[in-house]
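With the working numbering applied, the sequence shown corresponds to residues 596 to 1222, in that order. Glycine residues also receive a C-beta, built at the ideal position from the N, C-alpha and C atoms. The structure displayed is predicted, hence computed values, not measured ones. Notes follow the structure.
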Amino acid sequence: MALIQIAEPGQSTAAHQHRLAVGIDLGTTNSLVASVRSGQVDTLPDSEGNTLLPSVVHYAEDAVHVGTRALQYSVSDPLNTIVSVKRFMGRGIDDINAEEAHHSYQFAETDSAVPRIHTRAGDVSAIEVSAEILKALKQRAVETLGDELNGVVITVPAYFDDAQRQATKDAAKLAGLNVLRLLNEPTAAAVAYGLDTGNDGVIAVYDLGGGTFDISILRLNKGVFEVLATGGDSSLGGDDFDFEIAQWIIAQAGIDSADDPAVKRRIMQQARSAKEALAESESVEIEVELDSIKWRGMLDRDALKELLAPLVKKTLLSCRRALRDADVDKESISEVVMVGGSTRTLVVREMVAEFFECELLTGIDPDEVVATGAALQADVLVGNKPDDEMLLLDVIPLSLGIETMGGLVEKIIHRNTAIPTAKAQDFTTYKDGQTAMAIHVLQGEREMVDDSRSLARFELRGFPAQVAGAARIRVTFQVDADGLLIVSAREENSGIEASIDVKPSYGLSDTEIEAMLRDSIEHAEDDMHSRSLREQQVEADRVLEALDAALAVDGDQLLNDDEKAAIMNARSALAEVKTGADIEAIEQSIKQLEKTCEDYVARRMNSNIKVAMQGHSIEEYTSDAED
C-alpha cells in the first residue's frame, strides 16, 4: 500500500523542515532584520558584525550604495544621498514641503501624485528608495540563514495611514519579499516584552524613532495582545531633535550659509552626535569648522532639555489623547515599554516617567525590540509554531465611511476598531429611475465631507431603474490585518456589484491627523448641529422634488385654483426656509406642506387605485385571496 504525506495547513510538508522567516524593522534612521533560530530570536549582523543598517541610500552614476557606505556620502554628495526616506512614504509633495521643510532634495516635476526625488541615477520615489534598503536586509538574511526566505513581517508605525502602509507593501514587493503581515511597531514591542515576561495587564508602548512617534495602549491577557487605542505623529522623531540642536548650533556659531545642502547635512550630523553623547555625559563640546567660520562651544543636558522639551510635550499630548480613547487612566498603566533609538535621550525618559508615574521598560535594546517582536510573529505566521496561542488585535487609527446626501459622512468602521474587520451597511437611492450610485470613501472623525479626508471614489452602475428608496445597496468595508481597505457595493435585488482596493496616492500628514482628532472633540456640538441641519435640508429637497413631480403629472386635474395656490404657498415657504440654519423652522415647514397636501395625496391614491381597478372587479381579488 502506497503512503502519502499529509501536512497540517500552514505547516511544512516535511516535519523536520524549518521555514525561514524574518522580522524587519524598516526604520527612519536605522533598519534591522531579526530571525528565530533554534528557539532564540536574534538580530542578524552584516559581515562586519553590525546589526544596524543606516536607512541611507546613495545613488552614484553606476551603482547604488546602501547603509554605512551610503552614509559616507551624506555630506559630500547630499542631493544624491537619501536619508530618512520613511518620512516621505505615502505622502504627497504638498505634505512633504509643508511638514519636512528642512529637507534638501530636488523633487522632479511630474504629473504623478507620487513625489519623485531627482538624483544622478534618475528620478526615484520613496518606495524605490525603501526597496533598496529592504533588498540589503533581504540579502543579509539570505546569506546568514543560508536559503531563500519564505516570508517576512515588516513593522510600521501604528499611525501610518492606508497610503503609507500600501507604500510599504509596494516597497517590499519591489524588493522581492513575501509579506506575511504589516505589524504595528508598538505591538511588535509588546510581543517581545510580553512573551519574555508573561505579564498581564494594561501597558503603554512609547515608540519614538528617527522620524515617527507612536503611543499605543495595550491590554495583555493570556497571550492576547489587544490594542485599546493608538495615537502619535507620523512626522516627529529624532530627526526633529537633531534639527532643533542644529538650529541652536547655527545661531551660536553665526552661520549664514546653512541653506547649503552640504553645510546643512554636516551640522545635522554634528547635532546627532552631540545628542547621542549627552545620553552618557553631562556636557559635550561641539566644534564647527567651515570655510570662513571656526566655532567651539559647549552643550549640556540642561540646555538640551530646554531645546527638546516642547517636542517631547507634543508626544505627551498624544499619550493623553490615547489614554482618553482607551478609557483608562494613568494609574491603570502598569508599565511603559520604551521603543526607538530616540528614547535613549534622557529628557525623553525623564518626562515620560514623570507623566506616567510608573516603571519604564528598557531591558531590551530600544533599537532592536521592534525587530525582535516582528521576528517572533513571523515565526508563528510562517507555520513554525502551529500551536502558538499568541493573538494580536490591532486597531485602525481613524474612522472610515462614505458620503451621503447633503455632504454628510456616514461612518461604517469607527476608529479603534480591532482589525482585521468587515462591516456592512445598507443604503438606497435618492431619485426615481436611478441606475447608478457614486461611492465616495472618506476617513476622519467629523460629520461633514468637507472636514474629512477623501480616500477613493468608485461607481456602482447598471442596476435596474426603480422608484426612490426601493433599491437596496449594501456597502461593505473590509480592513485586513495590515490595515489596508477594500470597499465593495452590491445592489441586492439585481446582484450588480463593484469594488475598489483603496490605494490613495498619498496619505495624511501628521498635522491633519492630529487636527482631525482634536477638531472632532472641539467641534462635536457644532458638527451634530451641522449634520441635523443638512439632514433636514436633504429631507426638504426630497419633499419638494416629489411634490413637483406629482404636480407635473396630475396637479391640474386633481386640484382647483385655491387648493393649488395654498400648496404652492406652502412650497415657497419651505423652499425659502430650507436655505437658512433654523432646523426647527425647516422641520415645521415640511410638516405644514405635508398637511396642506393631505387632500391632494388622498385624491392621487384614489385616482391610482381607480386606474388599477379598471376592467376588474372586487370579486376577482377576493377569489384569489380565498384560493
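### Query
Since M893 sits in a beta bridge, which residues does DSSP pair it with?
Walking along the sequence shown from the start, residue 893 turns up at place 298. Answer is E880.
### Task
Work out the CA separation of L971 and I1081 for me, nearest whole Å.
Against the sequence shown, residue 1081 aligns to sequence position 486. Against the sequence shown, residue 971 aligns to sequence position 376. Those two C-alpha atoms are separated by around 28 Å.
### Message
What residue range does the beta strand (DSSP E) around D765 cover?
### Response
Here the question's residue 765 lines up with position 170 in the sequence shown. That residue, D765, is in no beta strand (DSSP E); its alpha helix (DSSP H) goes D757 to L769.
### Task
Could you pull out every unbroken alpha helix (DSSP H) segment of at least 4 residues lying fully inside the region 1123-1151, listed in chain order?
none
### Query
Run through DSSP, which three-state label would D855 get?
In the sequence shown, residue 855 corresponds to position 260, counting from 1. Correct three-state label for D855: coil.
### Message
For L543 and K733, what's the separation of their Cα atoms in angstroms?
### Response
Outside the displayed span of the chain (596 to 1222) sits residue 543, for which this structure offers no information.
### Query
Between A973 and L775, which are expected to be in contact by the criterion C-beta below 8 Å, what is the C-beta distance as a whole number of angstroms?
Numbered from 1 along the sequence shown, position 378 holds the residue referred to as residue 973. Numbered from 1 along the sequence shown, position 180 holds the residue referred to as residue 775. About 6 Å; that satisfies the 8 Å criterion.
### Task
From the DSSP output, in three-state form, read off M863 for me.
Indexing the sequence shown from 1 puts residue 863 at position 268. Note: M863 maps to helix in three-state DSSP.
### Query
Around the Cβ of V942, are there at least 16 other Cβ atoms within 10 angstroms (buried) or fewer (exposed)?
Residue numbering aside, residue 942 sits at position 347 when the sequence shown is read from its first letter. When all chains shown are included, V942 counts as buried.
### Query
Tell me which same chain residues have a C-beta within less than 6 Å of the C-beta of A783, skipping the five on either side of it?
Walking along the sequence shown from the start, residue 783 turns up at place 188. Cβ neighbours of A783 beyond the five flanking positions: T750, V965, G968 and A969.
### Query
DSSP on N773, reduced to helix/strand/coil?
For this step, residue 773 is matched to residue 178 along the sequence shown. It is coil, neither helix nor strand.
### Proximity to S1223 [Cα-Cα], best of S1083, Q1073, I1068 and D1075
As shown, the chain starts at 596 and ends at 1222. That puts residue 1223 outside it, with no answer to give.
### Cβ-Cβ separation, S720 to R711 (assumed contact under 8 Å), whole Å
As a first step, residue 711 is located in the sequence shown; it is residue number 116 there, counting from the start. As a first step, residue 720 is located in the sequence shown; it is residue number 125 there, counting from the start. R711 to S720, Cβ: 5 Å. Contact.
### Query
Rounded to a whole number of angstroms, what is the C-alpha to C-alpha distance between A1161 and T1191?
In the sequence shown, residue 1161 corresponds to position 566, counting from 1. In the sequence shown, residue 1191 corresponds to position 596, counting from 1. C-alpha separation (whole angstroms): 7 Å.
### Inter-residue CB distance, I1178 and L1139 (contact presumed, cutoff 8 Å)
By one-based count along the sequence shown, residue 1178 stands at place 583. By one-based count along the sequence shown, residue 1139 stands at place 544. In fact, because the Cβ distance is near 17 Å, the residues do not count as touching under 8 Å.
### Message
Beta-carbon within less than 7 Å of R1166's beta-carbon, same chain only, minus the 5 sequence neighbours each way: which residues are those?
### Response
Looking up residue 1166 in the sequence shown gives position 571. So the list reads L1139, L1142 and L1188, once near-sequence residues are dropped.
#### Entry: Neighbour-count burial assignment, Q635, 16 or more Cβ in a 10 Å radius
What you label residue 635 is simply residue 40 of the sequence shown in a count that begins at 1. Flag for Q635 reads exposed.
### Query
By DSSP, does G826 sit in helix, in strand, or in coil?
Residue numbering aside, residue 826 sits at position 231 when the sequence shown is read from its first letter. Strand.
### Query
Which residues share a DSSP beta bridge with I1081?
Mapped onto the sequence shown, residue 1081 falls at position 486. BP columns for I1081 point to Q1073 and D1096.
### Task
Indicate whether V1070 and E998 have their beta-carbon atoms separated by less than 8 Å.
The residue you call residue 1070 lines up with position 475 of the sequence shown. The residue you call residue 998 lines up with position 403 of the sequence shown. Going by C-beta atoms, V1070 is not nearer than 8 Å to E998.
### Task
Evaluate contact between the region 904-919 and the region 865-882, counting only Cβ atoms and requiring at least three cross-stretch pairs below 8 Å.
no
### Query
Would a C-beta distance cut-off of 8 Å place G996 and L1037 closer than the cut-off?
Locating residue 996 in the sequence shown gives position 401, counting from the first residue. Locating residue 1037 in the sequence shown gives position 442, counting from the first residue. For G996 and L1037, yes; Cβs fall inside 8 Å.
### Query
Between L823 and I798, is the Cβ-Cβ spacing less than 8 Å?
Indexing the sequence shown from 1 puts residue 823 at position 228. Indexing the sequence shown from 1 puts residue 798 at position 203. The answer is no: Cβ separation not under 8 Å.
### Task
Round the Cβ separation of G931 and V947 to the nearest angstrom and send it over; I've been treating them as touching at under 8 Å.
As a first step, residue 931 is located in the sequence shown; it is residue number 336 there, counting from the start. As a first step, residue 947 is located in the sequence shown; it is residue number 352 there, counting from the start. The identity of residue 931 in the sequence shown is Val, whereas the question assumes Gly. Right, the Cβ-Cβ distance comes to about 6 Å (below 8 Å), so this counts as a contact.
### Message
So, does the region 856-864 touch the region 667-679, judging by three or more C-beta pairs under 8 Å?
### Response
yes
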